[in-house]
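First comes the structure, then the notes that go with it.
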Amino acid sequence: MFLMSGWATSLFAAGVQYEMRVDGLACPFCAYGIEKNFMKTEGVERVDIDLKRGLVIVDTQEGVRFTEDQLKQIFDDSGFSYRGVVERAR
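So in UniProt numbering, the last spot in the sequence shown is 90, and the numbers never skip.
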(Lines of atoms letter the chains of each structure in order from A; the text may use other names.)
(Lines give C-alpha, C1' and ligand atoms only; values in the text may rest on other atoms or scores of the structure.)
Protein backbone atom coordinates (compact mmCIF):
# COMPACT_ATOMS: atom_id res chain seq x y z
CA MET A 1 0.00 0.00 0.00
CA PHE A 2 2.81 2.42 0.82
CA LEU A 3 4.50 1.82 -2.53
CA MET A 4 1.31 2.43 -4.42
CA SER A 5 0.73 5.67 -2.53
CA GLY A 6 4.20 6.96 -3.42
CA TRP A 7 3.71 6.02 -7.05
CA ALA A 8 0.40 7.88 -7.26
CA THR A 9 1.92 11.00 -5.72
CA SER A 10 4.69 11.19 -8.30
CA LEU A 11 2.25 10.48 -11.11
CA PHE A 12 0.17 13.55 -10.26
CA ALA A 13 2.98 15.94 -9.29
CA ALA A 14 2.28 19.29 -10.92
CA GLY A 15 5.11 20.14 -13.24
CA VAL A 16 5.00 22.51 -16.19
CA GLN A 17 4.79 21.73 -19.90
CA TYR A 18 6.48 24.21 -22.20
CA GLU A 19 5.47 24.31 -25.86
CA MET A 20 7.98 26.40 -27.78
CA ARG A 21 8.01 27.58 -31.39
CA VAL A 22 11.38 27.35 -33.09
CA ASP A 23 12.67 28.33 -36.54
CA GLY A 24 15.02 26.07 -38.45
CA LEU A 25 13.91 22.58 -37.40
CA ALA A 26 14.60 20.48 -40.49
CA CYS A 27 15.90 17.06 -39.52
CA PRO A 28 16.00 14.77 -36.47
CA PHE A 29 19.79 14.93 -36.28
CA CYS A 30 19.73 18.73 -36.05
CA ALA A 31 16.97 18.65 -33.44
CA TYR A 32 19.00 16.27 -31.28
CA GLY A 33 21.11 19.21 -30.04
CA ILE A 34 18.00 20.85 -28.59
CA GLU A 35 16.96 17.64 -26.85
CA LYS A 36 20.47 17.14 -25.48
CA ASN A 37 20.67 20.69 -24.10
CA PHE A 38 17.28 20.43 -22.39
CA MET A 39 17.92 16.96 -20.96
CA LYS A 40 21.12 18.09 -19.24
CA THR A 41 19.06 20.71 -17.39
CA GLU A 42 18.07 19.55 -13.91
CA GLY A 43 14.35 18.89 -13.55
CA VAL A 44 13.57 18.21 -17.22
CA GLU A 45 11.62 14.97 -17.53
CA ARG A 46 10.82 14.73 -21.23
CA VAL A 47 11.52 16.47 -24.54
CA ASP A 48 9.42 15.94 -27.69
CA ILE A 49 10.21 17.61 -31.00
CA ASP A 50 7.65 18.07 -33.78
CA LEU A 51 9.69 18.89 -36.89
CA LYS A 52 6.68 19.53 -39.14
CA ARG A 53 5.13 22.10 -36.81
CA GLY A 54 8.41 23.60 -35.54
CA LEU A 55 7.56 22.80 -31.92
CA VAL A 56 9.63 21.67 -28.98
CA ILE A 57 7.62 20.35 -26.01
CA VAL A 58 9.37 20.04 -22.66
CA ASP A 59 7.91 18.60 -19.45
CA THR A 60 9.50 19.58 -16.14
CA GLN A 61 9.26 18.30 -12.59
CA GLU A 62 7.23 20.11 -9.96
CA GLY A 63 8.88 23.36 -8.93
CA VAL A 64 11.11 23.62 -12.01
CA ARG A 65 10.52 26.72 -14.12
CA PHE A 66 12.32 28.33 -17.04
CA THR A 67 12.66 32.05 -17.62
CA GLU A 68 12.35 33.52 -21.10
CA ASP A 69 16.10 34.27 -21.06
CA GLN A 70 16.97 30.67 -20.15
CA LEU A 71 14.86 29.33 -23.01
CA LYS A 72 16.40 31.77 -25.49
CA GLN A 73 19.88 30.72 -24.35
CA ILE A 74 19.20 26.99 -24.72
CA PHE A 75 17.96 27.46 -28.29
CA ASP A 76 20.77 29.87 -29.13
CA ASP A 77 23.32 27.33 -27.82
CA SER A 78 21.62 24.70 -30.00
CA GLY A 79 21.78 26.89 -33.13
CA PHE A 80 18.06 27.61 -33.47
CA SER A 81 15.87 30.70 -33.32
CA TYR A 82 13.43 30.69 -30.41
CA ARG A 83 10.09 32.35 -31.28
CA GLY A 84 7.86 31.99 -28.22
CA VAL A 85 6.44 29.74 -25.54
CA VAL A 86 3.13 28.60 -24.11
CA GLU A 87 3.25 27.25 -20.54
CA ARG A 88 0.74 24.75 -19.18
CA ALA A 89 0.44 23.09 -15.79
CA ARG A 90 0.37 19.31 -16.12
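Note that CB positions come from ideal geometry on N, CA and C, so glycine has one too.
DSSP places residue 61 in no beta strand (DSSP E); its state is neither H nor E.
Exclusion of the five residues before and after residue 23 leaves 54, 80, 81 and 83 as the residues of its chain whose Cβ lies within less than 7 Å of its Cβ. When C-alpha distances from residue 25 are compared across 60, 49, 88 and 62, the shortest belongs to 49. According to the DSSP secondary-structure assignment, residue 89 is paired through a beta bridge with 16. For residue 42, there is no enclosing alpha helix (DSSP H), since its DSSP letter is neither H nor E.
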